[in-house]
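The opening position of the sequence shown corresponds to residue 32 in the numbering used here, with each subsequent residue numbered one higher. Backbone N, C-alpha and C fix where the C-beta goes; we use that ideal spot for every residue, glycine too.
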Amino acid sequence: MMLSGERIAVIGAGVAGCMVARNLADKGARLEVFDKSRGTGGRLAASRLGDVSADLGADVFDESTAMRLMRVESLPLQLWSHTRADLQLQSRTRADAWVSAPRASALTRQLLDGIPLHGQTRITELKPAEQDCWWLQDESGRYWGPYNRVIIAVPAPQAVPLLAGAPDLQSAAAAVRMSSAWVLLLALSQRPRVLQAVDLLEGEHSVLSRVCRDSGKPGRSGEVWQLRARADWSDRHVDANPEYVAQQLLDAFVDLVEEPVQVARHRIHRWLYADVATSSGSPPLCGTGRLGVCGDWVCGQGLSAAMQSADLLTRALEADQ
(Lines of atoms letter the chains of each structure in order from A and count residues from 1; the text may use other names and numbers.)
(Lines give C-alpha, C1' and ligand atoms only; values in the text may rest on other atoms or scores of the structure.)
Protein backbone atom coordinates (compact mmCIF):
# COMPACT_ATOMS: atom_id res chain seq x y z
CA MET A 1 0.00 0.00 0.00
CA MET A 2 1.41 3.38 -1.02
CA LEU A 3 0.81 6.74 0.62
CA SER A 4 0.23 8.28 -2.80
CA GLY A 5 -3.47 8.92 -3.26
CA GLU A 6 -4.39 8.15 0.35
CA ARG A 7 -6.76 10.56 2.04
CA ILE A 8 -5.20 11.64 5.35
CA ALA A 9 -6.53 14.01 8.02
CA VAL A 10 -4.24 15.90 10.39
CA ILE A 11 -5.82 17.28 13.57
CA GLY A 12 -3.77 20.24 14.76
CA ALA A 13 -2.04 22.98 12.76
CA GLY A 14 0.99 23.54 14.97
CA VAL A 15 4.51 23.07 13.68
CA ALA A 16 4.44 19.25 14.04
CA GLY A 17 1.08 18.85 12.30
CA CYS A 18 2.01 21.23 9.50
CA MET A 19 5.39 19.56 8.95
CA VAL A 20 3.97 16.05 8.75
CA ALA A 21 1.21 17.32 6.42
CA ARG A 22 3.84 18.86 4.16
CA ASN A 23 5.95 15.68 4.23
CA LEU A 24 3.01 13.46 3.27
CA ALA A 25 1.57 15.84 0.68
CA ASP A 26 4.97 15.87 -1.03
CA LYS A 27 4.73 12.07 -1.21
CA GLY A 28 1.42 12.25 -3.05
CA ALA A 29 -1.09 11.84 -0.22
CA ARG A 30 -4.25 13.95 -0.16
CA LEU A 31 -4.07 15.96 3.05
CA GLU A 32 -6.62 17.98 4.99
CA VAL A 33 -5.74 19.79 8.21
CA PHE A 34 -8.17 20.67 11.01
CA ASP A 35 -7.64 23.14 13.84
CA LYS A 36 -9.88 24.62 16.52
CA SER A 37 -8.28 28.04 15.94
CA ARG A 38 -8.88 30.23 12.93
CA GLY A 39 -5.36 29.97 11.56
CA THR A 40 -2.16 27.95 11.85
CA GLY A 41 0.70 28.00 14.31
CA GLY A 42 -0.42 26.31 17.51
CA ARG A 43 2.13 27.52 20.05
CA LEU A 44 3.75 29.53 17.23
CA ALA A 45 0.60 31.64 16.90
CA ALA A 46 0.69 35.39 16.46
CA SER A 47 -1.89 37.98 17.46
CA ARG A 48 -2.94 41.43 16.31
CA LEU A 49 -2.08 44.22 18.72
CA GLY A 50 -3.53 47.34 17.18
CA ASP A 51 -1.81 47.95 13.85
CA VAL A 52 0.97 45.42 14.43
CA SER A 53 1.27 41.68 14.92
CA ALA A 54 3.07 40.05 17.83
CA ASP A 55 4.09 36.49 18.64
CA LEU A 56 2.27 34.73 21.48
CA GLY A 57 4.67 31.81 21.75
CA ALA A 58 8.38 31.14 22.00
CA ASP A 59 9.41 31.19 18.37
CA VAL A 60 13.23 31.39 18.47
CA PHE A 61 15.03 28.62 16.57
CA ASP A 62 18.62 27.61 17.20
CA GLU A 63 20.92 27.25 14.21
CA SER A 64 20.65 23.47 13.87
CA THR A 65 16.83 23.59 13.97
CA ALA A 66 16.72 26.45 11.46
CA MET A 67 19.08 24.68 9.06
CA ARG A 68 16.99 21.54 9.30
CA LEU A 69 13.83 23.52 8.49
CA MET A 70 15.42 25.26 5.53
CA ARG A 71 16.47 21.90 4.10
CA VAL A 72 12.78 20.99 3.89
CA GLU A 73 12.07 23.92 1.57
CA SER A 74 12.59 27.66 1.38
CA LEU A 75 10.86 28.74 4.58
CA PRO A 76 10.50 32.33 5.90
CA LEU A 77 13.32 32.26 8.47
CA GLN A 78 15.63 35.19 9.15
CA LEU A 79 18.65 35.65 11.39
CA TRP A 80 18.03 37.77 14.49
CA SER A 81 21.17 39.23 16.07
CA HIS A 82 20.27 40.45 19.53
CA THR A 83 21.47 41.08 23.07
CA ARG A 84 20.49 38.65 25.84
CA ALA A 85 20.51 39.27 29.57
CA ASP A 86 19.36 37.56 32.72
CA LEU A 87 16.30 38.81 34.57
CA GLN A 88 18.48 40.65 37.08
CA LEU A 89 20.22 42.48 34.22
CA GLN A 90 23.55 41.34 35.63
CA SER A 91 24.99 39.76 32.49
CA ARG A 92 24.69 40.61 28.80
CA THR A 93 25.81 38.70 25.73
CA ARG A 94 25.38 39.05 21.99
CA ALA A 95 23.62 36.10 20.35
CA ASP A 96 22.19 34.96 17.05
CA ALA A 97 18.95 33.05 16.59
CA TRP A 98 16.52 32.38 13.79
CA VAL A 99 12.93 33.56 13.69
CA SER A 100 10.05 33.26 11.26
CA ALA A 101 9.27 36.57 9.56
CA PRO A 102 7.21 38.68 9.56
CA ARG A 103 5.57 36.64 12.37
CA ALA A 104 5.92 33.18 13.89
CA SER A 105 2.86 31.75 12.15
CA ALA A 106 4.32 32.55 8.70
CA LEU A 107 6.29 29.30 9.01
CA THR A 108 3.26 27.05 9.45
CA ARG A 109 1.26 28.93 6.82
CA GLN A 110 3.96 28.30 4.25
CA LEU A 111 4.26 24.64 5.23
CA LEU A 112 0.53 24.28 4.47
CA ASP A 113 0.74 26.06 1.13
CA GLY A 114 -1.71 24.25 -1.16
CA ILE A 115 -3.04 21.99 1.63
CA PRO A 116 -6.69 22.57 2.70
CA LEU A 117 -7.05 23.96 6.23
CA HIS A 118 -10.36 23.71 8.08
CA GLY A 119 -9.96 26.43 10.71
CA GLN A 120 -12.30 26.97 13.66
CA THR A 121 -13.18 23.28 13.44
CA ARG A 122 -12.80 21.39 16.70
CA ILE A 123 -12.73 17.61 16.14
CA THR A 124 -14.23 15.83 19.14
CA GLU A 125 -14.41 12.17 18.10
CA LEU A 126 -13.10 9.62 15.61
CA LYS A 127 -15.49 6.94 14.40
CA PRO A 128 -14.52 3.79 12.47
CA ALA A 129 -15.66 3.58 8.85
CA GLU A 130 -15.61 0.74 6.35
CA GLN A 131 -12.31 -0.55 4.92
CA ASP A 132 -10.31 0.46 8.03
CA CYS A 133 -11.03 4.15 7.50
CA TRP A 134 -12.11 6.92 9.89
CA TRP A 135 -14.83 9.53 10.12
CA LEU A 136 -14.10 12.74 12.03
CA GLN A 137 -16.90 14.35 14.01
CA ASP A 138 -16.67 18.01 15.00
CA GLU A 139 -18.33 19.74 17.94
CA SER A 140 -21.29 20.82 15.79
CA GLY A 141 -22.01 17.17 14.93
CA ARG A 142 -20.76 17.41 11.35
CA TYR A 143 -18.89 14.42 9.91
CA TRP A 144 -15.76 14.69 7.76
CA GLY A 145 -14.23 11.91 5.72
CA PRO A 146 -13.80 9.05 5.44
CA TYR A 147 -9.99 9.12 5.74
CA ASN A 148 -7.53 6.29 5.23
CA ARG A 149 -5.42 7.57 8.14
CA VAL A 150 -5.72 10.18 10.86
CA ILE A 151 -2.80 11.98 12.50
CA ILE A 152 -3.37 13.67 15.85
CA ALA A 153 -0.99 16.59 16.33
CA VAL A 154 -2.36 18.34 19.42
CA PRO A 155 -1.07 18.55 23.02
CA ALA A 156 -1.22 15.20 24.82
CA PRO A 157 -4.18 16.01 27.13
CA GLN A 158 -6.23 17.04 24.08
CA ALA A 159 -5.13 13.92 22.19
CA VAL A 160 -6.34 11.47 24.88
CA PRO A 161 -10.09 11.54 24.03
CA LEU A 162 -9.33 11.27 20.30
CA LEU A 163 -7.24 8.12 20.75
CA ALA A 164 -9.95 5.75 21.99
CA GLY A 165 -9.33 3.62 18.89
CA ALA A 166 -5.64 3.16 19.76
CA PRO A 167 -5.27 2.20 23.45
CA ASP A 168 -1.46 2.05 23.29
CA LEU A 169 -1.20 5.61 22.01
CA GLN A 170 -3.94 6.77 24.38
CA SER A 171 -2.08 5.38 27.41
CA ALA A 172 1.13 7.08 26.32
CA ALA A 173 -0.64 10.42 25.86
CA ALA A 174 -2.39 10.10 29.23
CA ALA A 175 0.99 9.69 30.96
CA VAL A 176 2.28 13.04 29.67
CA ARG A 177 2.19 16.03 32.00
CA MET A 178 2.15 19.57 30.60
CA SER A 179 2.49 22.97 32.26
CA SER A 180 0.64 26.17 31.44
CA ALA A 181 1.96 29.63 30.61
CA TRP A 182 0.45 33.09 30.80
CA VAL A 183 1.74 35.54 28.17
CA LEU A 184 1.23 39.32 28.15
CA LEU A 185 1.81 41.39 25.03
CA LEU A 186 2.49 45.08 25.57
CA ALA A 187 2.56 47.88 22.99
CA LEU A 188 4.51 50.68 24.68
CA SER A 189 4.83 54.34 23.81
CA GLN A 190 8.62 54.11 24.25
CA ARG A 191 11.32 51.63 25.09
CA PRO A 192 12.31 51.44 28.79
CA ARG A 193 15.67 53.12 29.41
CA VAL A 194 17.23 50.12 31.14
CA LEU A 195 16.34 47.92 28.15
CA GLN A 196 17.66 50.25 25.43
CA ALA A 197 20.34 47.71 24.49
CA VAL A 198 18.62 44.48 25.58
CA ASP A 199 16.24 42.40 23.46
CA LEU A 200 15.74 39.13 25.34
CA LEU A 201 15.84 38.35 29.06
CA GLU A 202 15.61 34.87 30.58
CA GLY A 203 16.50 33.34 33.92
CA GLU A 204 15.44 33.26 37.53
CA HIS A 205 12.61 35.52 38.64
CA SER A 206 9.68 35.13 41.03
CA VAL A 207 7.05 35.71 38.31
CA LEU A 208 8.64 35.98 34.87
CA SER A 209 10.54 33.41 32.85
CA ARG A 210 11.08 35.42 29.67
CA VAL A 211 10.91 39.03 28.51
CA CYS A 212 11.32 39.60 24.78
CA ARG A 213 11.27 42.70 22.60
CA ASP A 214 9.13 41.15 19.90
CA SER A 215 9.32 44.26 17.74
CA GLY A 216 13.09 43.87 17.55
CA LYS A 217 12.84 40.70 15.47
CA PRO A 218 13.19 40.90 11.67
CA GLY A 219 10.05 42.05 9.90
CA ARG A 220 8.41 43.51 13.02
CA SER A 221 7.61 47.12 13.91
CA GLY A 222 6.43 49.25 16.81
CA GLU A 223 7.55 48.91 20.43
CA VAL A 224 6.11 45.56 21.46
CA TRP A 225 7.22 43.38 24.37
CA GLN A 226 6.22 39.82 25.22
CA LEU A 227 6.19 38.85 28.91
CA ARG A 228 5.96 35.15 29.73
CA ALA A 229 5.24 33.94 33.25
CA ARG A 230 7.04 31.07 34.95
CA ALA A 231 5.45 27.63 34.55
CA ASP A 232 4.91 27.14 38.29
CA TRP A 233 3.46 30.64 38.67
CA SER A 234 1.17 30.05 35.67
CA ASP A 235 0.00 26.71 37.06
CA ARG A 236 -0.87 28.32 40.40
CA HIS A 237 -2.85 31.04 38.60
CA VAL A 238 -4.17 28.92 35.75
CA ASP A 239 -7.82 29.78 36.47
CA ALA A 240 -7.26 33.36 37.64
CA ASN A 241 -9.02 36.33 36.08
CA PRO A 242 -7.04 37.27 32.95
CA GLU A 243 -6.92 40.98 33.75
CA TYR A 244 -5.65 40.21 37.25
CA VAL A 245 -2.88 38.12 35.68
CA ALA A 246 -2.12 40.91 33.19
CA GLN A 247 -1.70 43.38 36.04
CA GLN A 248 0.60 41.01 37.95
CA LEU A 249 2.84 40.55 34.91
CA LEU A 250 2.84 44.28 34.18
CA ASP A 251 3.79 45.04 37.79
CA ALA A 252 6.65 42.55 37.58
CA PHE A 253 7.87 44.24 34.37
CA VAL A 254 7.69 47.72 35.94
CA ASP A 255 9.69 46.45 38.93
CA LEU A 256 12.23 44.98 36.53
CA VAL A 257 12.77 48.18 34.51
CA GLU A 258 12.43 50.45 37.57
CA GLU A 259 10.39 53.11 35.77
CA PRO A 260 6.74 53.64 34.83
CA VAL A 261 5.71 52.40 31.41
CA GLN A 262 2.96 53.82 29.21
CA VAL A 263 0.94 50.96 27.71
CA ALA A 264 -0.90 51.81 24.50
CA ARG A 265 -2.40 48.33 24.08
CA HIS A 266 -2.11 44.94 25.70
CA ARG A 267 -3.31 41.40 25.26
CA ILE A 268 -3.23 38.59 27.80
CA HIS A 269 -3.22 34.98 26.64
CA ARG A 270 -3.18 31.69 28.52
CA TRP A 271 -1.46 28.67 27.02
CA LEU A 272 -3.19 25.88 28.93
CA TYR A 273 -0.73 23.33 27.53
CA ALA A 274 2.45 25.30 26.93
CA ASP A 275 5.37 23.02 27.83
CA VAL A 276 5.97 19.33 28.34
CA ALA A 277 6.80 18.65 32.00
CA THR A 278 7.10 14.87 31.54
CA SER A 279 7.15 12.95 28.26
CA SER A 280 6.23 9.30 27.83
CA GLY A 281 8.18 8.65 24.62
CA SER A 282 5.09 7.56 22.70
CA PRO A 283 5.31 5.38 19.58
CA PRO A 284 4.26 7.46 16.56
CA LEU A 285 1.85 4.92 15.03
CA CYS A 286 -0.73 2.44 16.31
CA GLY A 287 -0.53 -1.24 15.42
CA THR A 288 -2.84 -0.97 12.40
CA GLY A 289 -0.98 2.03 11.03
CA ARG A 290 -4.26 3.95 10.71
CA LEU A 291 -3.80 6.33 13.65
CA GLY A 292 -0.64 8.31 14.34
CA VAL A 293 0.52 11.02 16.73
CA CYS A 294 3.08 13.79 16.56
CA GLY A 295 3.99 16.79 18.67
CA ASP A 296 6.79 17.70 21.03
CA TRP A 297 5.35 15.44 23.77
CA VAL A 298 6.11 12.39 21.61
CA CYS A 299 9.87 13.05 21.69
CA GLY A 300 10.53 15.52 24.49
CA GLN A 301 9.69 19.22 24.53
CA GLY A 302 10.07 22.30 22.38
CA LEU A 303 10.29 23.10 18.69
CA SER A 304 13.11 20.66 17.96
CA ALA A 305 11.15 17.79 19.54
CA ALA A 306 8.04 18.74 17.55
CA MET A 307 10.01 18.59 14.30
CA GLN A 308 11.64 15.32 15.33
CA SER A 309 8.22 13.79 15.97
CA ALA A 310 7.02 14.79 12.49
CA ASP A 311 10.04 13.09 10.91
CA LEU A 312 9.60 10.03 13.13
CA LEU A 313 5.95 9.64 12.12
CA THR A 314 6.74 10.15 8.44
CA ARG A 315 9.33 7.36 8.53
CA ALA A 316 6.93 5.09 10.42
CA LEU A 317 4.23 5.64 7.78
CA GLU A 318 6.68 4.92 4.98
CA ALA A 319 7.80 1.73 6.73
CA ASP A 320 4.14 0.68 7.05
CA GLN A 321 3.79 0.46 3.28
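The Cβ neighbour count for Arg69, taken over all protein chains shown within 10 Å, is under 16; the residue is labelled exposed. Of the candidates Asp57, Gln151 and Ile182, the residue whose Cα lies closest to the Cα of Leu157 is Ile182.
The continuous stretches of alpha helix (DSSP H) do not include Val83, which lies in the beta strand (DSSP E) extending over residues Val83 to Asp86.
Residue range Cys164 to Asp169 is occupied by the beta strand (DSSP E) that includes Cys164, with no alpha helix (DSSP H) assigned at that position. In this model, Ala212 and Gly320 are separated by some 34 Å (Cα to Cα). Around the Cβ of Leu80, a 10 Å sphere holds 16 or more other Cβ atoms; the residue is buried. Per DSSP, the continuous alpha helix (DSSP H) segment holding Cys49 begins and ends at Val46 to Ala56.
In the DSSP annotation of this structure, the continuous segment of the beta strand (DSSP E) that includes Phe65 starts and ends at Arg61 to Phe65.
For Val324, the uninterrupted beta strand (DSSP E) run begins and ends at Leu322 to Val324, by DSSP. C-alpha of Ile146 to C-alpha of Glu161: approximately 25 Å in a straight line. With a contact defined as Cβ atoms closer than 8 Å, Ile154 and Ile39 miss out at about 14 Å. Taking a contact to require three or more Cβ pairs closer than 8 Å, the stretch 300-319 and the stretch 197-209 qualify as touching. Under the DSSP assignment, Ser220 falls outside any alpha helix (DSSP H); it carries neither an H nor an E label. Looking at the DSSP output, Gln339 shares a beta bridge with no other residue. In this structure Asp327 is buried. Its beta-carbon is surrounded by 16 or more other beta-carbon atoms within 10 angstroms.
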